[in-house]
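Q: Numbering (my numbering), first residue to last: 2 to 346. Glycine residues also receive a C-beta, built at the ideal position from the N, C-alpha and C atoms.
So this is what it looks like as structure tokens:
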């Protein structure tokens with residue numbers, strides 16, 4: 002069995018900026034400003050009310066696997082429910098609304114807001130409605146009437162959108178919820194901010210020699226060989242990670258036969274027929290593919306550790322009517338592959 006390689010995904014975004022004649026757009030810019038001022042009149046604060054902030058303290062450090070794909074949620078805060086917030090406003094007519102990003106670009110109707118060139122974006126989650134707020138101006142409009150934030154619940158998410166290299170998120174306002182020219186609520190990071198640190202253990206590929214087996218050792222369906230022990234090595238793990246989990250994922254070359262019984266098909270290079278490979282975990286119980294297991298011998302102080310596993314061949318061919326050896330059983334090479342995936346928390 003040749004096992005256990007890792008996948009890496011990476012998406013590159015390209016943005017182009019064009020400079021036009023700087024004389025002609027001056028009139029257009031003025032018109033846009035006048036248009037915005039006209040829109041600003043649609044909503045206003047009630048007397049004595051003004052912008053408030055929903056505040057969050059982030060962990061000092063957030064760790065992620067170095068090969069985490071774009072779109073990975075790096076952190077989601079506990080929800081914060083607002084009470085006694087003097088940020089109520091009223092709108093005289095239907096108005097545009099949405100989030101204005103204070104630390105990067107704002108794309109209308111987008112739900113991710115880039116934080117500079119860190120490779121990280123933030124999201125504003127309304128946990129009371131389970132919806133992400135969209136960039137200004139959003140396609141959904143604010144109706145006329147009076148509105149406020151008391152009783153609403155909010156959370157912040159951080160999402161990977163590009164290459165990250167020890168990126169720092171400073172405290173301060175990330176963005177504002179804008180409605181018809183007012184900005185009644187801001188999303189604010191307080192405390193020391195956070196550092197997002199890509200890190201991972203070194204996990205070399207593993208080749209397991211399953212050794213020779215006599216085909217007569219598999220007289221009936223479900224008969225299996227003696228298991229062969231092997232270890233997954235995790236070397237030079239960094240400090241500061243709270244937990245390491247792992248999962249086993251089947252490959253296109255050795256597809257799953259029984260996801261809950263840890264059984265995969267032999268690959269196309271194999272000559273043997275009637276057998277599959279079964280992967281065993283703790284206490285030699287069959288593993289469940291795509292299920293997360295906690296590495297129990299990992300230490301938050303870092304270093305190296307191993308994850309013990311085992312493999313064995315199992316007969317998958319029905320027993321012939323005469324019992325014993327079946328002509329459908331064919332001797333020969335019996336190879337398979339697996340992916341081994343580690344996650345860091």
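Rounded to whole angstroms, what is the Cα-Cα separation between residue 244 and residue 343?
A: So the two alpha carbons sit approximately 10 Å from each other.
Q: To the nearest whole angstrom, what separates the beta carbons of residue 158 and residue 100, a pair I think is in contact under 8 Å?
A: Residue 158 to residue 100, Cβ: 13 Å. No contact.
Q: Near residue 271, which residues of its chain fall below 8 Å by C-beta distance, leaving aside the five closest residues on each side in sequence?
A: 333, 334, 335, 336 and 337
Q: Please report how far the alpha carbon of residue 211 lies from the alpha carbon of residue 164, in whole angstroms.
A: Linking residue 211 to residue 164 through their CA atoms gives a straight-line distance of about 40 Å.
Q: For residue 111, count neighbouring C-beta atoms within 10 Å of its own C-beta (all shown protein chains included) and say buried if the count is 16 or more, exposed if not.
A: buried
Q: Check whether the Cβ atoms of residue 289 and residue 306 lie closer than 8 Å to each other.
A: no
Q: Going by DSSP, what residue range makes up the beta strand (DSSP E) through residue 175?
A: 173 to 180
Q: Can you have a look at residue 97 and say buried or exposed, based on whether 16 or more other CB atoms are within 10 angstroms of its CB?
A: buried
Q: To the nearest angstrom, report how far apart residue 147 and residue 119 are at their CA atoms.
A: 38 Å
Q: Nearest CA to the CA of residue 52: which residue from 329, 229 and 87?
A: 87
Q: Kindly give me the distance between the Cβ atoms of residue 303 and residue 238, rounded to whole angstroms, as I take these residues to be in contact under 8 Å.
A: Between residue 238 and residue 303 the Cβ distance is about 5 Å, and since that is below 8 Å, they are a contact.
Q: Between 201, 284 and 296, which lies nearest to residue 228 when the distance is taken from Cα to Cα?
A: 284
Q: Could you tell me the distance, in whole angstroms, from the CA atom of residue 340 to the CA atom of residue 80?
A: When the Cα atoms are used, residue 340 and residue 80 turn out to be separated by approximately 36 Å.
Q: List the whole-angstrom C-beta distance separating residue 235 from residue 204, where the pair is believed to meet the contact cut-off of C-beta under 8 Å.
A: 6 Å
Q: Hey, is the segment 148 to 156 in contact with the segment 121 to 130, meaning 3+ C-beta pairs nearer than 8 Å?
A: yes
Q: Quick check on the DSSP output: the beta strand (DSSP E) that includes residue 147 runs from which residue to which?
A: 146 to 148
Q: Going by alpha carbons, who is nearest to residue 178 out of 345, 220, 139 and 223?
A: 139
Q: Would you tell me roughly how many angstroms separate the C-alpha atoms of residue 134 and residue 201, rounded to the nearest one?
A: Between the C-alpha atoms of residue 134 and residue 201 there is a straight-line separation of about 32 Å.
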